[in-house]
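Following: one structure in C-alpha cells, then a few remarks.
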Amino acid sequence: MFGRRNIAAIVAEFLGTGVLTLLVLNVQRSTIGVPFFIALAAGLAVAMVSFAVAGTSGGHFNPALTFGLWTARKITSIRAVFYIGVQLLGGWGAYGLYTYFINTTLAPPLKDGFTTHALVGEAVGAFIFTFGWSAAMYQRFNPAVRASIAGLSLTVGIIAVSSASLGLLNPAVALGVRAWVLGSYVAGPVIGAIIGVNLYKYLFAPSVEKDVIVDGAVVLAGVSSSSVAAVGTTKASAAAKAVTVRKPRTVVKPAKVVADKKTTVVTKTRRKK
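Take any residue in the sequence shown, count from 1 to its spot, add 44: that is its number in my numbering.
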C-alpha cells in the first residue's frame, strides 16, 4: 500500500478533495453564493481534478462515492479506508486554508441540525451524481469525456436538490464548510451513493464490463493494476507470436520433359542374289 503508485493515489485524493472544498467555500461565502453558481463551481472543480489525476486514483474526491464503490466490490477495504481518511483531511485542510485567507473563523451555515428534507435531498443528489459518475467509468470514454461527465453529474445533482438542502453531496465538503451533520449531510450522500453505484452496475452497465472498475480505475475484474499490465504485456506478446512472417514463395517451375528420341537402328541386310 506504500508503493509509489499507491502514495500518488492517496495524495491525489487529498488534493482533489481539498480543491473541491476550497472552491465551494469561496463561492458559497461570496456575494454570488447561490445554488447555481455553487453547483457550477463544484462541477468545474471535479472536472478539472478528475482530468488531472483520475488516472492515478480513480478520481473519487468524495467519501460517499468511495463507500458506494466499496459496497459494489470495486475497491478494496484498505484502499477505501485510506481514501476516506485523506478525503476528510482534504476537506478540513481547505477549511483551514480558507479561514487563513479571510483571517477569521466561519459560522456554521446551518441554523438547524438534522432535517428529513436535507437527508432526502442529499441522498437524491448523491444518487444523481454517482449514477452519472458510474456511467462515465463503465462506458470507457476517454479521460476528457469522463472528467466532463463526472463534473456535469455533480452540477446536475446539486441543482436538482438545492431547494431541500445545501446540495453538498459530499461528507468531506460538509466537514470543510462546517455543515457536518451525521443524520443528513453524511448519511444522505452515503445512502444515495450506495444506490447510484450499485443500480448502474447491476442494471445498466454493459454485460461484459460489469466488473471493470477496480479501485476506481477502469481495469479488469478482480485483477490489480500491475497484474493488468502484465496481462496486457502477455497478450501483446502472444499476438506478436501469432503473426507469421510470410516468406516469399519460391515458385518451382515444372521441369520440361523432353522426350528422348528413339534411335532406330536400321540394319540393312544384304540380299543374297
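Ideal Cβ placement from N, Cα and C applies to all residues, glycine included. None of the values given here were measured: they were computed from a predicted structure.
Where the alpha helix (DSSP H) containing residue i begins and where it ends
i, result
"Leu-163", "160 to 182"
"Asn-70", "48 to 72"
"Pro-187", "187 to 204"
"Pro-319", "Lying outside 45 to 317, the shown extent of the chain, residue 319 is not represented and no answer is given."
"Ser-207", "Run containing Ser-207: none; DSSP gives neither H nor E here."
"Asn-147", "Per DSSP, Asn-147 belongs to no alpha helix (DSSP H) and is neither H nor E."
"Ile-82", "79 to 101"
"Leu-109", "107 to 115"
"Ala-231", "231 to 243"
Proximity below 8 Å, CB of residue i to CB of residue j
i, j, result
"Gly-232", "Ala-170", "yes"
"Asn-147", "Gln-131", "no"
"Leu-210", "Ala-86", "no"
"Gly-62", "Ala-194", "no"
"Asn-242", "Thr-110", "no"
"Gly-240", "Leu-163", "no"
"Ala-167", "Ile-235", "yes"
"Ala-91", "Ser-192", "yes"
Which listed residue (the options) has its alpha carbon closest to that of residue i
i, options, result
"Asn-70", "Thr-143, Val-55, Ala-124 and Thr-100", "Thr-143"
"Leu-59", "Gly-240, Pro-153, Thr-149 and Ile-128", "Ile-128"
"Leu-133", "Gly-47, Ala-53, Glu-57 and Leu-154", "Glu-57"
"Thr-120", "Ser-101, Ala-138 and Val-234", "Ser-101"
"Gly-157", "Ile-235, Tyr-229, Leu-88 and Ile-172", "Tyr-229"
"Val-55", "Ile-76, Phe-126 and Tyr-244", "Phe-126"
"Leu-213", "Thr-75, Arg-73, Gly-77 and Ile-82", "Ile-82"
"Ile-122", "Ala-89, Tyr-244, Ala-53 and Phe-175", "Ala-53"
"Tyr-244", "Thr-174, Leu-196, Val-90 and Val-78", "Thr-174"
"Ala-108", "Thr-75, Ile-172 and Ile-76", "Ile-172"
Distance, residue j Cα to residue i Cα
i, j, result
"Ser-251", "Lys-118", "16 Å"
"Ile-202", "Gly-165", "9 Å"
"Leu-141", "Ala-216", "15 Å"
"Leu-247", "Gly-112", "16 Å"
"Asn-50", "Thr-65", "23 Å"
"Phe-46", "Ala-124", "14 Å"
"Leu-219", "Trp-136", "6 Å"
"Gln-183", "Ala-249", "8 Å"
"Gly-276", "Ile-238", "Any answer about Gly-276 is weak, because its pLDDT of 47 lies below 50 and its placement is not dependable; what the coordinates show is given next. Straight-line Cα distance between these residues: approximately 31 Å."
"Thr-160", "Arg-48", "44 Å"
"Gln-72", "Phe-145", "15 Å"
Taking contact to mean 3 or more Cβ pairs, one atom from each stretch, closer than 8 Å, check whether the region 204 to 220 and the region 178 to 192 are in contact.
As far as the Cβ criterion goes, the region 204 to 220 does not touch the region 178 to 192, which means the pair count is below three.
With three or more C-beta pairs closer than 8 Å as the rule, is the region 95 to 109 touching the region 187 to 194?
They touch, by the three-pair rule.
Quick test of the definition: if touching needs 3 or more C-beta pairs under 8 Å, does the region 222 to 230 touch the region 147 to 160?
By the C-beta criterion, the region 222 to 230 is judged to be in contact with the region 147 to 160, since at least 3 inter-stretch pairs fall below 8 Å.
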